[in-house]
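First residue of the sequence shown? That's 5 in my numbering, and the numbers climb one at a time after it.
This report concerns only the one structure given below.
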Amino acid sequence: MSGHSKWATIKHKKGALDAKRGKLFTKLIKELTVAARMGGGDPGGNPRLRKAISDAKGQSMPNDTISRAVKRGTGEIEGAAYEEVLYEGTGPGGTLFLVEGMTDNRNRTVAEIRKIFEKNNGVLGGGGTAGWAFERKGVIQIAKPDANEDQLMEVAVGAGAEDYSDQGEEWHVTTPPEALHGVVDSVEKAKITVKGSQLSYLPKTKKPISGRDAEVALNLAEALDDHDDVQNVYADFDVSDEELARIANEA
């Protein structure tokens, strides 16, 4: 339920992705700042910062914008002090949500996130409301033509990945959190292009939903993701391709 989910596909079909460049830059800048603050400004010794810079460049962010964000993180220039937050909540049909964010004002952000849940038949809960239903994993995306199963077994699993799965146009490789950067390095050394990689929360089991519950759950996920302080949204619901097509046609 992050950027590499069925939900992203339905948003793309609805044409809702092309107007979000400014918000995407905001999220990337926050990640650059926090990564530099936590691990230092040298990407050579800070894998999280190295990935954040790669992601920013992949979205054509200007180098001076990247540099300023890093310097704000290291304290070389003044700027907002962002901190990481994690919210847990429930949505329609008993669905569970985890919301990762970065904010310079916890009170403002939690109030706004609570309002989004309430507007979409959900409830913002306390710690433990939803976290138990997810596992922290590394996820690597590789375009289908760039690797075959034999290569994934030999290179990715050989370097410490747990599994891989066919996601249509992509392979998704899952790793233990601590192995993510090592597996990415091994895959890239094998001349296999990595489309993206991140630490994610994956649901232990997926909850099939349909009808009105599916529509509202998708709306809740999209509204949360649209918030400027939200970095990632994870949920345990699964909507069939047929339902996604119906919702797209009715939108």
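Here a beta-carbon is modelled for each residue, glycine too, at the ideal position from N, C-alpha and C.
Is the separation between the beta-carbon of residue i and that of residue j shorter than 9 Å?
i: ALA147; j: LYS210; result: no
i: PHE121; j: TYR238; result: no
i: SER201; j: GLN145; result: yes
i: VAL74; j: LEU36; result: yes
i: ASN124; j: ASN236; result: no
i: VAL234; j: GLY105; result: yes
i: GLU219; j: ILE196; result: no
i: ASP167; j: THR30; result: no
Kindly indicate the opening and closing residues of the beta strand (DSSP E) around residue i.
i: ASN236; result: 234-239
i: THR133; result: Neither: THR133 is in no beta strand (DSSP E) and is coded neither H nor E.
i: SER64; result: First-last for SER64: undefined, no H or E at that position.
Throw me the rounded Cβ distance for the residue i and residue j pair, which I believe falls under 8 Å.
i: ILE213; j: ALA225; result: The Cβ separation is near 12 Å, so there is no contact.
i: TYR91; j: LEU128; result: 6 Å
i: LEU203; j: PRO181; result: 6 Å
i: ASP46; j: ALA84; result: Wrong, their Cβ atoms sit about 22 Å apart, outside the cutoff.
i: ALA183; j: GLY164; result: 4 Å
With DSSP as the reference, identify every bridge partner of residue i, one or two as the case may be.
i: ASP242; result: PRO212
i: PRO207; result: PHE138
i: VAL103; result: TYR91, VAL237
i: GLY200; result: GLN145
For the alpha helix (DSSP H) containing residue i, name the first residue and the last one.
i: ALA115; result: 110-123
Item checked: alpha helix (DSSP H) segments (min. 4 residues) lying fully within the segment 125-197 -> Given a length threshold of 4 residues, each whole run of the alpha helix (DSSP H) inside the segment 125-197 is given here in chain order: 184-193.
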